[in-house]
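Novice: The opening residue of the sequence shown carries number 9 in our numbering; numbering runs sequentially from there.
Here you go, one structure.
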Amino acid sequence: MNNPWGKLTGIRPAKIATKLLARGMTDEQVIDYFVTECGTEYQKAALALECARALVPVREKMYENGVSLYIGIPFCPSRCLYCSFVTNGTKQAAKLKPDYVEALKKEIAYTAEIVKENKNIVETVYIGGGTPTSLSAGLMDDMLTCLENEFDLSRVREFTVEAGRPDTIDREKLDVMKRHGVSRISINPQSMNDETLRVIGRAHSARDIRGAMALARERGFDDINMDVIAGLPGESLDMFKYTLEEVEKLKPTDTTVHVMSIKRSSRLNEYLSDYDLTDGGTVSKMVDYAREFLASKGKRPYYMYRQKNQLGNLENVGYALPGYESLYNLYIMEEIQTIISMGCGGVTKTVDRETDRIERIFNVKEPKDYILRIDEMLHRKDILRGEIPDFRHRISEFKREL
Ligand code: SF4
């Protein structure tokens, strides 16, 4: 099977390029390392390098004792065909939402105490899922008020909420987010072809996506990310081109191009033979087209990662207009800042500056378990007391690692 990344198996090729640059290698030497040592295609090596280069100015501005916060909302209006997350779209699950937010508020308050004790500064906030905007405006307001009251958010540089599905967005929710200082949202069409949206289990049309974008602009959001997927079942190169062109007409500041991956616990994997999968060669043409097309719109790649079982062994890439690169995406992908996660499915990740060791603290994945076992989740966070490290200077440790 063709593998454009050669023998590289990790999910973060850009991190390798960052390390090589930190050793003092030139751009040419970095590319040569990928091509000759790893068998990576030239174009992919150049992509990893470009993402590593995008990190340099961002790293210089990081807070010395900064941390990022992640909050998981595990509810969606329905489950997408390719999804393997614990997402709860049933009516029964919807009943859990108020109790879920109550439990989350406990974890927010508890975590905020630890962050205060450790004198960490909250630099970015990311609310993901799931689809956070599956919560009602009232519950969102409740959760965001708690976050604002418990944490000092006065130095936050980026506050993102994934408003992924256009059928969960309305004026009231957008206004709640705006009032609480959300600076960046994500509206994720995946495809602008109505038939594909139906096949992947979305209960909305391309028209709804255009409507949600217009509404978000009207309510004052100007930093909006949109996600698309290359290689959705039944899609040709022309269909993908159409999606990208339609998305760019909506002028998102940041466009993420994912490549379809067949996740083990997805419905797609279960009924694989029922679907017309796009071949790796076509998906490769899709991502090449995306890169060129987005460059023509002034966007450049700034973060990337690979996943298991991606069509064509390709990669996911975030493209942004200069100055709109998401800090959170860079911090999490390059593992250069502690991310403290709250909510079910959350994984807190810290790195010890002295030993360069990454530690993870896991929360349970099911909302029911999370609600029932919230005290245990709080207790797990005690590991953080006095131990959140400062990663700003990890660049020197990269040298040691290699
Ligand atoms: S919106 Fe995202 S989290 Fe929700 S079902 Fe679809 S892929 Fe899964």
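The C-beta atom is built at its ideal place from N, Cα and C for all residues, glycine as well.
Can you give me the C-alpha to C-alpha distance between S304 and Y336, rounded to a whole angstrom?
Specialist: Those two C-alpha atoms are separated by around 25 Å.
Novice: Closer than 8 Å by C-beta to Q37: which residues in its own chain qualify, once you throw out the five before and the five after it? Chain order, please.
Specialist: L28.
Novice: For the structure I just gave you, are there three or more beta carbon pairs, one from the stretch 310 to 319 and one from the stretch 330 to 349, closer than 8 Å?
Specialist: Yes: the two stretches touch, three or more of their Cβ pairs being nearer than 8 Å.
Novice: Go through the stretch 79 to 144 residue by residue and report every complete run of the beta strand (DSSP E) that reaches 3 residues or more, in order.
Specialist: Here the runs fully enclosed are 129 to 137.
Novice: In three-state terms, what does DSSP make of A211?
Specialist: In the structure shown, A211 sits in coil (DSSP, three-state: anything other than H, G, I, E or B).
Novice: Report all residues from its chain with a CB closer than 8 Å to the CB of A224; omit the five preceding and five following residues, and keep chain order.
Specialist: Answer for A224: A171, I177, L182, I193, I195 and I232, listed in chain order.
Novice: For F248, which three-state DSSP category applies?
Specialist: Helix.
Novice: Check this for me: beta carbons of G351 and I79, under 8 Å apart or not?
Specialist: Closer than 8 Å, so yes.
Novice: Let me know if H387 comes out buried or exposed under the rule of 16 or more other beta-carbons within 10 Å of its beta-carbon.
Specialist: Per the 10 Å Cβ criterion, exposed.
Novice: So C88 and R210 are supposed to be a Cβ contact under 8 Å. How far apart are they, rounded?
Specialist: The Cβ separation is near 7 Å, so the contact holds.
Novice: Could I get the ranges of all uninterrupted beta strand (DSSP E) runs contained in the stretch 232 to 309, with 3 residues as the minimum, in chain order?
Specialist: If we require 3 residues or more, the beta strand (DSSP E) runs fully inside the stretch 232 to 309 come out as 232 to 238 and 262 to 267.
Novice: Would the beta-carbon of G137 be found less than 7 Å away from any heavy atom of ligand 2?
Specialist: In the structure on display, ligand 2 does not appear, and the ligands it does have are ligand 1.
Novice: Can you tell which of K357, L322, I382 and K271 has its C-alpha closest to the C-alpha of I19?
Specialist: Ranking K357, L322, I382 and K271 by Cα distance to I19 puts L322 first.
Novice: Return helix, strand or coil for F159, following the three-state DSSP convention.
Specialist: The answer is coil: DSSP assigns F159 none of H, G, I, E or B.
Novice: Count the other C-beta atoms from every protein chain shown that fall within 10 angstroms of the C-beta of E115, then say buried if there are 16 or more, exposed otherwise.
Specialist: Buried, because 16 or more other Cβ atoms sit within 10 Å of the Cβ of E115.
Novice: Given the structure, does F4 come close to ligand 1, in the sense that its CB is under 7 Å from one of the ligand's heavy atoms?
Specialist: Outside the displayed range of the chain (9 to 410) lies residue 4, so it cannot be described from this structure.
Novice: Run the proximity test for G172: is its beta-carbon closer than 7 Å to any non-hydrogen atom belonging to ligand 1?
Specialist: True, at least one ligand heavy atom lies under 7 Å from that Cβ.
Novice: Confirm the yes/no value for this check: CB of C352, any heavy atom of ligand 1, distance under 7 Å.
Specialist: No, the Cβ of C352 stays beyond 7 Å of every heavy atom of ligand 1.
Novice: Considering only residues of the same chain and omitting the five flanking positions on each side of E333, which have a CB-CB separation below 8 Å?
Specialist: Correct list, in chain order: A62, V66, D262, Y310, Y311 and G326.
Novice: Relative to ligand 1, is the shortest distance from any of its heavy atoms to the C-beta of F167 smaller than 7 Å?
Specialist: Answer for F167: no, Cβ out of range of ligand 1.
Novice: Where K257 and P330 are concerned, what is the direct C-alpha to C-alpha distance, given to the nearest angstrom?
Specialist: Their Cα atoms are separated by approximately 18 Å.
Novice: Is there at least one non-hydrogen atom of ligand 1 closer than 7 Å to the beta-carbon of F42?
Specialist: No, the beta carbon of F42 sits no closer than 7 Å to any heavy atom of ligand 1.
Novice: According to DSSP, is F42 helix, strand or coil?
Specialist: Looking at F42 - three-state DSSP - the assignment turns out to be helix.
Novice: What is the DSSP secondary structure of Y311, counted as helix, strand or coil?
Specialist: Reduced to three states, the DSSP call for Y311 is strand.
Novice: Name, in chain order, the residues that DSSP records as bridge partners for Q198.
Specialist: V236, per the DSSP bridge assignment.
Novice: Would the beta-carbon of C412 be found less than 7 Å away from any heavy atom of ligand 1?
Specialist: Lying outside 9 to 410, the shown extent of the chain, residue 412 is not represented and no answer is given.
Novice: Please list, in chain order, all residues of the same chain as T251 whose beta carbon is under 6 Å from its beta carbon, the five residues on each side excluded.
Specialist: Cβ within range, chain order: S199, M200 and V236.
Novice: State yes or no: is the C-beta of C91 nearer than 7 Å to some heavy atom of ligand 1?
Specialist: For ligand 1, at least one heavy atom lies less than 7 Å from the Cβ of C91.
Novice: Verify whether the separation of the beta carbon atoms of M294 and G239 is less than 8 Å.
Specialist: Yes.
Novice: Starting from V325, trace the beta strand (DSSP E) both ways and give me its first and last residue.
Specialist: Taken as a continuous stretch (DSSP letters only), the beta strand (DSSP E) holding V325 covers N324 to A328.
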